[in-house]
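Below: one structure, written as structure tokens.
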Amino acid sequence: MSQPSLSPSPIVIAVPKGRILAEALPLLAAAGVVPEPAFGDEKSRALRFRTQDPGIELIRVRAFDVATFVAHGAAQLGIVGSDVLAEFDYAELYAPVDLDIGHCRLSVAEPADLAASDDPRGWSHVRVATKYPHVTAGYFARRGVQAECIKLNGAMELAPTLGLATRIVDLVSSGRTLQENGLVEVERIMDVSARLVVNRAAMKTRAHVFPLVEAFRAAVAGARAA
16 MSQPSLSPSP IVIAVPKGRI LAEALPLLAA AGVVPEPAFG DEKSRALRFR TQDPGIELIR
76 VRAFDVATFV AHGAAQLGIV GSDVLAEFDY AELYAPVDLD IGHCRLSVAE PADLAASDDP
136 RGWSHVRVAT KYPHVTAGYF ARRGVQAECI KLNGAMELAP TLGLATRIVD LVSSGRTLQE
196 NGLVEVERIM DVSARLVVNR AAMKTRAHVF PLVEAFRAAV AGARAA
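The number in my numbering is simply the position in the sequence shown, starting from 1, with 15 added.
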């Protein structure tokens, strides 16, 4: 007697907690991925969720961890900022779709009183607090500036006021957080937007991955045309 075939494991899409998620939800829905009601429950501590499609699940993780989950194949697709992709530079990741959401920039900032007389063209050595040491060191190296990077995961704006570092490299959107902490943006390293990322192996071996990519591509085109 032949054994019944086993159902393939669901495709897992990693989505980030925080600012990008609210913008991503309409695109997910337009791509045919609608989370179960518990996904919207702010009191829920769950991290893995079903969708209306039994072949697709969502996991909600920290933005920096999305790339890691997808690169190592724990998730097949993910939504992540281009800042994270630049910082980790995983060869296993393919980023086929710019989702045109989560727009901000990665910038260098310093105390306003220092910026009043400072000329970035004269920098030869900088001490910088950032959660992007790879991108930061590379940016300054291309300019011939030696960068001492101090890795922080948050509260970057405190570093100059407490003497940890003279400058910071962090994401900037409106600039309000910088202003409220006495800092000003002095250089822009890169513009940032959210991307759909895919595990390269899954793209080749999982039949439903490519149609999902095309669904997201169509969702972005539809949002731009609206």
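Don't be surprised by glycine CBs; every beta carbon is placed ideally from N, CA and C.
Computed from a predicted model, the values in this text were never measured in an experiment.
Determine the contact status of D113 and S208, defining contact as a CB-CB distance below 9 Å.
-> yes
Is DSSP giving H118 helix, strand or coil here?
-> Here H118 carries a coil assignment [DSSP, helix/strand/coil].
Between V76 and P25, which are expected to be in contact by the criterion C-beta below 8 Å, what is the C-beta distance as a whole number of angstroms?
-> Contact between V76 and P25 is ruled out by a C-beta separation of about 16 Å, above the 8 Å threshold.
Can you grab the Cα-Cα spacing for the pair R203 / V141, in whole Å?
-> About 16 Å.
Relative to the alpha-carbon of T176, which residue among L193, Q161, K166 has its alpha-carbon at the smallest distance?
-> L193
Are the Cβ atoms of L40 and P50 separated by less than 9 Å?
-> yes
In this structure, does DSSP put Q161 in helix, strand or coil?
-> strand
Quick one: residues in its chain with C-beta nearer than 6 Å to the C-beta of E125, no 5 flanking neighbours on either side, listed in chain order?
-> R182, V201
Enumerate, from N- to C-terminal direction, the unbroken beta strand (DSSP E) stretches of 3 or more residues contained entirely within the segment 20-107.
-> The segment 20-107 contains these whole beta strand (DSSP E) runs: 26-31, 63-65, 71-76, 92-96.
Terminal residues of the beta strand (DSSP E) in which L227 lies = From DSSP, L227 is part of no beta strand (DSSP E) but of the alpha helix (DSSP H) over 224-240.
Please report the residue range of the beta strand (DSSP E) in which T220 lies.
-> Where T220 is concerned, there is no enclosing beta strand (DSSP E), although the alpha helix (DSSP H) it sits in stretches over 215-220.
How would you call I28, buried or exposed, if buried means at least 16 neighbouring beta carbons within 10 angstroms?
-> buried
Who pairs with P126 in a beta bridge, going by DSSP?
-> L198
So what's N154 in DSSP terms, helix, strand or just coil?
-> For the sequence presented, residue 154 should be read as Tyr rather than Asn. Reduced to three states, the DSSP call for Y154 is helix.
Quick one: any contact between the segment 157-173 and the segment 132-140, if contact means 3 or more CB pairs under 8 Å?
-> yes
Please list, in chain order, all residues of the same chain as D206 whose beta carbon is under 6 Å from its beta carbon, the five residues on each side excluded.
-> R120
What's the C-alpha gap between N168 and L211?
-> 23 Å
Could you spell out the range, first to last residue, of the alpha helix (DSSP H) harbouring A144?
-> It is not in any alpha helix (DSSP H) - A144 instead sits in the beta strand (DSSP E) that spans 140-145.
Where A131 sits in the DSSP three-state scheme = coil
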